[in-house]
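J.: Supplied in structure tokens, the structure appears directly below.
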Amino acid sequence: MSVMNAADLAVFDALFRSVAEEMGEALVRAATSTNIKERRDLSCAVFDGDAALLAQAAHIPVHLGAMPMSVRAALDARSLAPGDVVLLNDPWRGGTHLPDLTAVMRAGRFIVANRAHHADIGGAAPGSLGLARDIFGEGLRIPPVRFVRGGEIDPDLLDLFCANVRAPRERKEDLIAQVETLKRGAIRLAEAEARFGGDALTQAGRALREATRGAAQRVLATLRGGAHTFEDQMDGGHTIRVTLSVEREQLIADFAGTGDQVELPINANLAVTTSAVTYALALLMPDTAPLNEGLRDALVVRAPAGSLVHANYPAPVAGGNVETSQRMVDVVLGALASMTDRIIPAASQGTMNNLTIGGAGFSYYETIGGGAGAAPASPGASAIQTHMTNTRNTPIEALEHDLPLLVRRLAIARGTGGAGAAPGGDGLEKELEFLAPCVVHLLADRREGQPYGLAGGLPGACGAAWVIRPASEPEPLPGRARVEVNAGDRLRIRTPGGGGYGKPS
Numbered sequence: 137m138s139v140m141n142a143a144d145l146a147v148f149d150a151l152f153r154s155v156a157e158e159m160g161e162a163l164v165r166a167a168t169s170t171n172i173k174e175r176r177d178l179s180c181a182v183f184d185g186d187a188a189l190l191a192q193a194a195h196i197p198v199h200l201g202a203m204p205m206s207v208r209a210a211l212d213a214r215s216l217a218p219g220d221v222v223l224l225n226d227p228w229r230g231g232t233h234l235p236d237l238t239a240v241m242r243a244g245r246f247i248v249a250n251r252a253h254h255a256d257i258g259g260a261a262p263g264s265l266g267l268a269r270d271i272f273g274e275g276l277r278i279p280p281v282r283f284v285r286g287g288e289i290d291p292d293l294l295d296l297f298c299a300n301v302r303a304p305r306e307r308k309e310d311l312i313a314q315v316e317t318l319k320r321g322a323i324r325l326a327e328a329e330a331r332f333g334g335d336a337l338t339q340a341g342r343a344l345r346e347a348t349r350g351a352a353q354r355v356l357a358t359l360r361g362g363a364h365t366f367e368d369q370m371d372g373g374h375t376i377r378v379t380l381s382v383e384r385e386q387l388i389a390d391f392a393g394t395g396d397q398v399e400l401p402i403n404a405n406l407a408v409t410t411s412a413v414t415y416a417l418a419l420l421m422p423d424t425a426p427l428n429e430g431l432r433d434a435l436v437v438r439a440p441a442g443s444l445v446h447a448n449y450p451a452p453v454a455g456g457n458v459e460t461s462q463r464m465v466d467v468v469l470g471a472l473a474s475m476t477d478r479i480i481p482a483a484s485q486g487t488m489n490n491l492t493i494g495g496a497g498f499s500y501y502e503t504i505g506g507g508a509g510a511a512p513a514s515p516g517a518s519a520i521q522t523h524m525t526n527t528r529n530t531p532i533e534a535l536e537h538d539l540p541l542l543v544r545r546l547a548i549a550r551g552t553g554g555a556g557a558a559p560g561g562d563g564l565e566k567e568l569e570f571l572a573p574c575v576v577h578l579l580a581d582r583r584e585g586q587p588y589g590l591a592g593g594l595p596g597a598c599g600a601a602w603v604i605r606p607a608s609e610p611e612p613l614p615g616r617a618r619v620e621v622n623a624g625d626r627l628r629i630r631t632p633g634g635g636g637y638g639k640p641s
């Protein structure tokens, strides 16, 4: 196959994406934890032999944008013989935060990889998203290690892993599911190679990358010239600032002026920052454009080392992946709003409202949706996950079946979206009752600064949380909190609304 037309490209893009999608569905079925089976906190992708992204499933944006750096780190550190799997989560080798474990396997001429959020990876806090002051308090940091050799899991490494985590049986079964899922992807790519030939598949991968790069450059050509700056603050006054410009057919995202890294779990590494900018550019792409390494070819990300968006070792990074990434999207979209007449929405809730609960023999993690920002003639959606996360909510039946919890309330928080010609979406209100003593950690933002509106639209409401003990008044909690609860205590969380668009009538 010497020349590929649009139909050829569409066929091969669908082929590679279908492999990633099938891996994801297999992982959902094979995993044990609620976090993977129900919330689908996982991502799968296919790469060429040099670790360039070929295709991804429609999974978690913050995972997928950072995963190529992990795959490259795995190849640089370990040779991959047939049947080998490299495992890693190191934030300074392409990882996001420690609970996200990435598994990498060679599949003929290609590479398959998945990333799954484990409900605990050790450390000082159940769920491994506590208020650590350095990376050592956040859990087990894994450099690229050969976890599977010739198709067999290394029992010593598995024992070492399980000895450092809570609920080791659940962690073990989720890890095995990740490994088996990669085998499914390798089988499908082998079938494709037998049908089309390895050379044709390799050529298709190159052509898809070129097509995406070209589509991205055409999008960039429509943006206004000059430097466009936008900034916002995370709770506590931590500034994130970006300046966007287009140079030599690339989007330059310069985070100079962003605050320094801090001894709080809100630092982001360069992989997460790159992922946030990649996601923002992907929003401008035509629906039919493949999403692969060609998109990253059209980007240059500059972030000062030692800053909140390019933290140096050993900074704590648990919330950089889930909170700071959301704020980076807010500032990048804010800058893009002055560069284009295309639809750029107001700020969405700007947080994932991370909730971890640990007790005797269990650890649970979830994120909670909120309001989406409005766009011209398009009100923001209510009670939804936005931007860098794409997880589902945990069904009440599964939550109450698996854990000593009761869901007392789950409702839209009416009136929390910002007013506008198009109003922002409303947040959520969730109330849990504990049936046993637990340790609860909340890692959330937008408790001080409201999600901004655009074109005269009003900002969305901030989020809030309370612990409610029997015969006591509700006790307000900060966005970053640790609290011990007993049977009969309740936790109430109200998530932020999205910003409105246009002046309210």
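Here the sequence shown is numbered in my numbering, starting from 137 and rising by one per residue.
Note that the Cβ used here is the ideal one computed from N, Cα and C, for glycine as well.
Quick one: grab the DSSP three-state call for A213.
T.: On the sequence shown, residue 213 is found 77 positions in, with the first residue counted as 1. Reduced to three states, the DSSP call for A213 is helix.
J.: Between which two residues does the alpha helix (DSSP H) harbouring S179 extend?
T.: For the purposes of this step, residue 179 is identified with residue 43 of the sequence shown, where counting begins at 1. Premise fails: S179 lies in the beta strand (DSSP E), 178–184, not in any alpha helix (DSSP H).
J.: Considering just the uninterrupted stretch of the beta strand (DSSP E) at Q314, what are its terminal residues?
T.: Translated into positions along the sequence shown, residue 314 becomes position 178. Premise fails: Q314 lies in the alpha helix (DSSP H), 304–332, not in any beta strand (DSSP E).
J.: Please classify D184: is it buried, with 16 or more other beta-carbons within 10 angstroms of its beta-carbon, or exposed?
T.: The residue labelled residue 184 in the question sits at position 48 within the sequence shown. Looking at its Cβ environment, which holds 16 or more other Cβ atoms inside 10 Å, D184 is buried.
J.: Which complete beta strand (DSSP E) runs does the stretch 403–464 hold, if anything under 3 residues is left out?
T.: Listed in chain order, the complete beta strand (DSSP E) runs (minimum 3 residues) inside the stretch 403–464 are 435–438.
J.: Following a CB-centred definition, is T394 positioned closer than 8 Å to any heavy atom of the ligand PLP?
T.: The model on display carries no ligand, and the ligand PLP is accordingly not part of it.
J.: Quick one: Cα of Y500 to Cα of I493, how far?
T.: Mapped onto the sequence shown, residue 500 falls at position 364. Mapped onto the sequence shown, residue 493 falls at position 357. C-alpha separation (whole angstroms): 5 Å.
J.: Taking contact to mean at least 3 C-beta pairs separated by less than 8 Å, is the stretch 444–458 in contact with the stretch 338–348?
T.: No, because fewer than three Cβ pairs between the stretch 444–458 and the stretch 338–348 fall closer than 8 Å, the two stretches do not touch.
J.: Using beta-carbon positions only, say whether V467 and D368 come within less than 9 Å of one another.
T.: Looking up residue 467 in the sequence shown gives position 331. Looking up residue 368 in the sequence shown gives position 232. In this structure, D368 lies closer than 9 Å to V467 by Cβ.
J.: For L417 and L431, what's the separation of their Cα atoms in angstroms?
T.: The count along the sequence shown starts at 1 and reaches residue 417 at position 281. The count along the sequence shown starts at 1 and reaches residue 431 at position 295. One C-alpha to the other measures close to 8 Å.
J.: Assign G556 to one of three DSSP states: helix, strand, or coil.
T.: Position 420 of the sequence shown, counting from 1, holds the residue named residue 556. G556 falls in the coil class under three-state DSSP.
J.: So L571 packs on L541, CB below 8 Å; how close in whole Å?
T.: Here residue 571 refers to the residue found at position 435 when the sequence shown is read from its first residue. Here residue 541 refers to the residue found at position 405 when the sequence shown is read from its first residue. Going by Cβ atoms, the distance from L571 to L541 rounds to 6 Å, so yes, they are a contact pair.
J.: Helix, strand or coil for P612? Go by DSSP, reduced to three states.
T.: Looking up residue 612 in the sequence shown gives position 476. Of the three classes helix, strand and coil, the one that applies to P612 here is strand, per DSSP.
J.: When we look at the beta-carbon of M137 and count the other beta-carbons within 10 Å, is it buried (16 or more) or exposed?
T.: Taking the first residue of the sequence shown as 1, we reach residue 137 at position 1. The predicted position of M137 is uncertain, since its pLDDT is 47 and thus under 50; a value taken from the coordinates is nonetheless stated next. Under this definition M137 is an exposed residue.
J.: Helix, strand or coil for M137 per DSSP?
T.: Locating residue 137 in the sequence shown gives position 1, where the first residue counts as 1. Annotation note: pLDDT 47 at M137 (below 50); position unreliable, coordinate value reported separately. Coil.
J.: Below 6 Å CB to CB, which residues in the same chain sit around L216 once its five sequence neighbours on both sides are set aside?
T.: Here residue 216 is taken as the residue at index 80 of the sequence shown, counted from 1. Result list for L216: R242, in chain order.
J.: Assess contact between the stretch 219–227 and the stretch 285–295, defined as three or more Cβ pairs (one per stretch) separated by less than 8 Å. Is contact present?
T.: Touching, per the Cβ criterion.
J.: Contact defined as beta carbons within less than 8 Å: I believe I629 pairs with N457. What is the distance between those atoms, to the nearest angstrom?
T.: Start at 1 with the first residue of the sequence shown, and residue 629 comes out as number 493. Start at 1 with the first residue of the sequence shown, and residue 457 comes out as number 321. So it is not a contact: roughly 20 Å between Cβ atoms.
J.: Could you check the C-alpha separation between A363 and L420 for me, to the nearest Å?
T.: The residue labelled residue 363 in the question sits at position 227 within the sequence shown. The residue labelled residue 420 in the question sits at position 284 within the sequence shown. Near 18 Å, if we compare the C-alpha coordinates of L420 and A363.
J.: Is it right to say F272 is buried, meaning 16 or more other beta carbons lie within 10 angstroms of its own, or is it exposed?
T.: Position 136 of the sequence shown holds residue 272. Exposed, because fewer than 16 other Cβ atoms sit within 10 Å of the Cβ of F272.
J.: Is the stretch 502–510 touching the stretch 519–530, taking contact as three or more C-beta pairs under 8 Å?
T.: In short, these stretches touch, since the Cβ pair count reaches three.
J.: Could you compute how far the alpha carbon of P642 sits from the alpha carbon of Y588?
T.: Given a span of 137 to 641 for the chain in the structure shown, any question on residue 642 remains unanswerable.
J.: Would you say the stretch 170–179 touches the stretch 239–255, given that touching needs at least three Cβ pairs under 8 Å?
T.: Output reads yes: the stretch 239–255 touches the stretch 170–179.
J.: Which of helix, strand or coil does DSSP assign to Q521?
T.: Counting from 1 along the sequence shown, the entry for residue 521 is found at position 385. Correct three-state label for Q521: coil.
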